[in-house]
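Participant: The structure's right below; bear with me while I get my questions together.
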Amino acid sequence: MSTVTRRAFLKATAAGVAVVGFPLPLRAQAKTVKVGLIHTVTGPLAEPGQACRAGAQLAADMINAAGGITSLGGAKIEFLLGDTQTKSDVARTEAERVINQGAQVLMGTFDSGNTAAIVPVAQQRRVPFLVDVAAADPITANVAKSVKAGQQKVQYVYRNFPTGSSFGRRAVQYFNEIFKETGQNPRRVVVMHANDLFGSIQAKGFKAAWDAAKPSWEIVDVIPWPEPPSDLSTEVSRAKALKPDIIAPITRPASAQLLLPELIKQRVEVLGVISPGSPGLYEAGQIAALKQDLEYVMDNVPWPNFKNPKTQQVAAEYRKRTGGKTFDTQSGYSYDAVFILADVLERAKSTDPDAIVDAIKKTRFSGGLMVYGGPVIFNDLGDNPNAIPAMIQILGQKPLVVWPKDAAQEKLVFPRPKR
Amino acid sequence: MDLTLVAQGLLSGLLFGGVTSLMAVGLTLIFGVMRVVNFAHGDMMVWGMYLAWMLSSRAGIDPYLGFVVCAAALFVLGLGVQRGLVDRILDAPHEMQILLMLGVALVLENAALVAFGPEPARVRSSLTLPPLWLGPLFVDVARLITFVIAIALTVLLGLFLFRTAFGRRIRAAADNPYGALVVGTDVRRVYAVAFGIGAACVGAAGALVAPILPFQPTTGLGLSVASFNIVIIGGMGSLLGAFLGGLIVSIAESLGAVFLAPSMKELVSFGLLIVILLFRPAGLFGKRAA
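Note that the protein sequences, when read in sequence, are chains L and F.
When we follow the working numbering, the leftmost residue of the first sequence carries the number 3, and every step to the right adds one.
When we follow the working numbering, the leftmost residue of the second sequence carries the number 1487, and every step to the right adds one.
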């Protein structure tokens, strides 16, 4: 065994302290804005987390190649990468770590639970946190509430992504519009969902929106399952016994691969399988794995606006970089978040946290590539009310926007043809 | 309560139970012989799944045939892990063994992540569809085949242990390693083979369940925990206990999904665990601790 002498140890420690404790002279050499980019890069949600990271990196490379942030003397965006391992405690320590390494802004994380764990760190350390993907309402709403109540001075947490409750409202709205458009009159809807934070909030949001809208159809039961599931056959038998017209599943990638084939196997005859919002259902890997079991399935998701030629270009570049992956919800929203951040920094003309927050509040950005209901703005909760989902449908083994009508790439197929 | 639904739950649980039994049998064999708790059990199973996936997607071998290859590959892996790692710490305290096996689990999980990526994978068998219908009850053919093969493998393992000379040596080494050594048994070899067989069981279980259950590199931990649960309910080290425990837990979870909110079904199996630990601490078929 090699021995470390006391002197060598002291020297190394002193050098380490010097680097960690006095990072400013080092930072001044290269002009960059340090952004802590923290996602679920490993663990159960590794796939979407990696898509987020890839989308953000593509955007940063484009911004840096075009000269960086002009108002900050052409400062480049530099990512300090973090990985939550899909664990909330790790998310928190990763946030602490990147801030200690000099992160001036945080972005992340895909998972609502992980994101919520970073929120208090961002607030305590006064580091603006732009949530790129995460839907649970409380992430921003709780901070807004405590700022309003005077418990905290400034809100540092903002989000450019549809919230769980807005997902629900849009889903109910799209359900109604699709039924009306196709002249169908389904009565019985069974909601089936993953019971993690995202799935539960998504299901609750859908149910609450349905309660508020009182449409002509009924939610006859809500069937949750533990995520990740080991078996869903009994759950599907239970749903089948309810004689549903529509199955409204809220799945994660693994549970989708269990649920959709089981619906076919057990011959659950429905007019359609329409998800109020399931991440990953449209991924190339999912389509390859599920094949015909996924055909005609609709999913209410935030989606890139492929009617925009810029989106097509970026999607092609993204495909090239990632070895054939689809530019989708995750990569798209993370991509947009970096451009929003660049716009904010441009206007803030400073990396002071409060200057950044002021600029965030005044955001009116229309360069996004996703399907939006208007320019990117932030309301008093810190959310963008114009971040809306679109209804996509798997047609010919491709995910295509079918609703709202003005963003539709293809005419929707409903009811789905009998097998 | 809809009776058809209860019957369907019972049937689905029973059919899924075959493979959970096989998985638990592998774990209990290793523990019974070496007193080593294999925390890498679930991750070994995941490797069985990925091997089946590779055989099916690259070579077109159906998982219901490929499971033999998977079992053989995992046998070799198990043998290697035992000879190279476990053998060195057999006499070490339990926490050392746990740390070692957790390390193996982490290496296996992350190796799978590097090799196959994080996306959930699924194996398609040409026999997966269509299902059979017994009146209102449906029988998933994939599950039926999995069940039959899993039961057959468990029975074969039982015959091997109780009807062959080598099986007798394994049992002797499990019962009293020193005594086995005295009468001329190569205990180290027996240990290595037993670990290999345990790993082969879980490799076969992985390949058999691959057409039913989508899997990711991270699937392993849940499978390990499920195996421990079954083995503790059945009685640590008892083959019959692990076998019946697998069926009981699977049926209990399936019925839990019928009678409770399905997200609570794991409550049923772990609730069962607590009850068993309270009233029969050695498990259903375990020997009482001295």
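All C-beta atoms, glycine included, are put in the ideal place defined by N, C-alpha and C.
Closer than 8 angstroms, CB to CB, is Lys291 of chain L near chain F or not?
Facilitator: A quick correction: the sequence has Ala, not Lys, at residue 291 of chain L. At least one chain F Cβ lies under 8 angstroms of Ala291 of chain L.
Participant: Taking the DSSP output, what are the residues bridged to Ser277 of chain L?
Facilitator: Bridge partners of Ser277 of chain L: L:Asp301.
Participant: Candidates F:Leu1500, F:Thr1506 and F:Ile1516: which alpha carbon is nearest Leu1647 of chain F's?
Facilitator: When each option's Cα is compared against that of Leu1647 of chain F, the closest is F:Ile1516.
Participant: Hey, Val299 of chain L and Ile362 of chain L: beta-carbon distance below 8 angstroms or not?
Facilitator: Not closer than 8 angstroms, so no.
Participant: Any beta carbon of chain F sitting closer than 8 angstroms to that of Gly384 of chain L?
Facilitator: No, its Cβ sits nowhere closer than 8 angstroms to a Cβ of chain F.
Participant: Determine the contact status of Asn1715 of chain F and Ser1755 of chain F, defining contact as a CB-CB distance below 8 angstroms.
Facilitator: Yes, the pair counts as a contact, with Cβ atoms nearer than the cut-off.
Participant: Thinking just about the alpha-carbon of each residue, which of L:Pro230, L:Gly207, L:Tyr160 and L:Met372 is nearest to the one in Gln332 of chain L?
Facilitator: For the residues L:Pro230, L:Gly207, L:Tyr160 and L:Met372, the minimum Cα distance to Gln332 of chain L belongs to L:Met372.
Participant: So, using beta-carbon positions, are Thr365 of chain L and Ile390 of chain L closer together than 8 angstroms?
Facilitator: No, the Cβ-Cβ distance between Thr365 of chain L and Ile390 of chain L is not below 8 angstroms.
Participant: One question on the structure: do Leu1770 of chain F and Gly1727 of chain F come within less than 8 angstroms of each other, judged by their Cβ atoms?
Facilitator: Yes, the Cβ-Cβ distance between Leu1770 of chain F and Gly1727 of chain F is below 8 angstroms.
Participant: Let me make sure I understand the geometry here. Which of F:Ile1584, F:Gly1772, F:Arg1569 and F:Ile1698 has the alpha-carbon closest to that of Ala1628 of chain F?
Facilitator: Comparing Cα positions, the closest option is F:Ile1698.
Participant: Nearest by alpha-carbon distance to Ala205 of chain L: which of L:Lys216, L:Ser218, L:Asp223 and L:Pro188 is it?
Facilitator: Closest by alpha carbon: L:Asp223.
Participant: Can you give me the C-alpha to C-alpha distance between Met109 of chain L and Ala146 of chain L, rounded to a whole angstrom?
Facilitator: The alpha-carbon atoms of Met109 of chain L and Ala146 of chain L are separated by roughly 18 angstroms.
Participant: Taking Arg1674 of chain F as part of the alpha helix (DSSP H), name the residues at either end of that continuous run.
Facilitator: Looking at the DSSP string, the run of the alpha helix (DSSP H) that includes Arg1674 of chain F is Val1673 to Val1695.
Participant: Contact criterion: CB-CB distance below 8 angstroms. Does Ser1755 of chain F meet it with respect to chain L?
Facilitator: Cβ-Cβ to chain L under 8 angstroms: no for Ser1755 of chain F.
Participant: Between the C-alpha atoms of Leu1513 of chain F and Leu83 of chain L, what's the straight-line distance to the nearest angstrom?
Facilitator: About 39 angstroms.
Participant: Give me the subset of the region 1730-1749 of chain F whose CB atoms are less than 9 angstroms from a CB atom of chain L, sorted by chain position.
Facilitator: Result list: Ser1736, Glu1739, Ser1740, Leu1741, Gly1742, Ala1743, Val1744, Ala1747, Pro1748 and Ser1749.
Participant: Going by DSSP, what residue range makes up the beta strand (DSSP E) through Arg38 of chain L?
Facilitator: Sequence check: residue 38 of chain L is Gly here, not Arg. Segment Thr34 to His41, the beta strand (DSSP E) holding Gly38 of chain L.
Participant: At which residues does the alpha helix (DSSP H) containing Asp223 of chain L begin and terminate?
Facilitator: Counting along the chain, Asp223 of chain L falls outside any alpha helix (DSSP H), though it belongs to the beta strand (DSSP E) covering Glu220 to Trp227.
Participant: The alpha helix (DSSP H) with Pro355 of chain L in it runs from where to where?
Facilitator: Where Pro355 of chain L is concerned, the enclosing alpha helix (DSSP H) stretches over Pro355 to Lys363.
Participant: Report yes or no: is there a C-beta of chain F within less than 8 angstroms of the C-beta of Asn116 of chain L?
Facilitator: No, Asn116 of chain L lies away from the interface with chain F (no Cβ there is under 8 angstroms from its Cβ).
Participant: So Ala97 of chain L packs on Gly38 of chain L, CB below 8 angstroms; how close in whole Å?
Facilitator: Confirmed, about 7 angstroms.
Participant: Could you list the residues in the region 235-246 of chain L with a C-beta less than 8 angstroms from some C-beta on chain F, going in chain order?
Facilitator: The region 235-246 of chain L vs chain F, Cβ under 8 angstroms: Ser235, Thr236, Glu237, Ser239, Arg240 and Ala243.
Participant: Check whether the Cβ atoms of Pro1549 of chain F and Ala1693 of chain F lie closer than 8 angstroms to each other.
Facilitator: In this structure, Ala1693 of chain F lies closer than 8 angstroms to Pro1549 of chain F by Cβ.
Participant: Taking a Cβ distance cut-off of 9 angstroms, strictly less, list which residues of the region 1583-1616 of chain F are near chain L, in chain order.
Facilitator: Under the 9 angstroms Cβ criterion, the region 1583-1616 of chain F contributes Asn1596, Leu1599, Gly1603, Pro1604, Glu1605, Pro1606, Ala1607, Arg1608, Arg1610, Thr1614, Leu1615 and Pro1616.
Participant: Start and end of the alpha helix (DSSP H) containing Ile1734 of chain F?
Facilitator: Segment Leu1725 to Phe1745, the alpha helix (DSSP H) holding Ile1734 of chain F.
Participant: Which chain L residues are close to Thr1704 of chain F, counting only those with a beta carbon under 7 angstroms from its beta carbon?
Facilitator: Per Cβ cutoff of 7 angstroms: Gly45 and Pro46.
Participant: What separation, rounded to the nearest whole angstrom, lies between the Cα atoms of Leu347 of chain L and Val270 of chain L?
Facilitator: If you take the alpha carbons of Leu347 of chain L and Val270 of chain L, they lie about 52 angstroms apart.
Participant: Beta-carbon within less than 7 angstroms of Asn178 of chain L's beta-carbon, same chain only, minus the 5 sequence neighbours each way: which residues are those?
Facilitator: The answer, listed in chain order, is Pro217.
Participant: By DSSP, does Tyr158 of chain L sit in helix, in strand, or in coil?
Facilitator: Tyr158 of chain L falls in the coil class under three-state DSSP.
Participant: Quick check on the DSSP output: the alpha helix (DSSP H) that includes Glu348 of chain L runs from which residue to which?
Facilitator: Segment Thr331 to Ala350, the alpha helix (DSSP H) holding Glu348 of chain L.
Participant: Whole angstroms are fine: how far does the CA of Arg1649 of chain F sit from the CA of Ala1680 of chain F?
Facilitator: So the two alpha carbons sit approximately 16 angstroms from each other.
Participant: Measuring only between beta-carbons, confirm whether Leu26 of chain L sits less than 8 angstroms from chain F.
Facilitator: The predicted position of Leu26 of chain L is uncertain, since its pLDDT is 48 and thus under 50; no value can be drawn from it.
Participant: Secondary structure at Ala1659 of chain F, three-state DSSP: helix, strand or coil?
Facilitator: DSSP places Ala1659 of chain F in helix when its eight states are reduced to three.
Participant: My guess is that Val1777 of chain F and Phe1729 of chain F are in contact by the Cβ rule of under 8 angstroms, so how many angstroms apart are they, rounded?
Facilitator: Any answer about residue 1777 of chain F is impossible in this case: the structure gives chain F only from 1487 up to 1776.
Participant: For a test of the three-state rule: what should DSSP assign to Ile1719 of chain F, helix, strand or coil?
Facilitator: In the structure shown, Ile1719 of chain F sits in a helix (DSSP, three-state: H, G or I).
Participant: Would a check of beta-carbon distances place Gln1494 of chain F closer than 8 angstroms to chain L?
Facilitator: It does: the Cβ of Gln1494 of chain F has a partner Cβ on chain L nearer than 8 angstroms.
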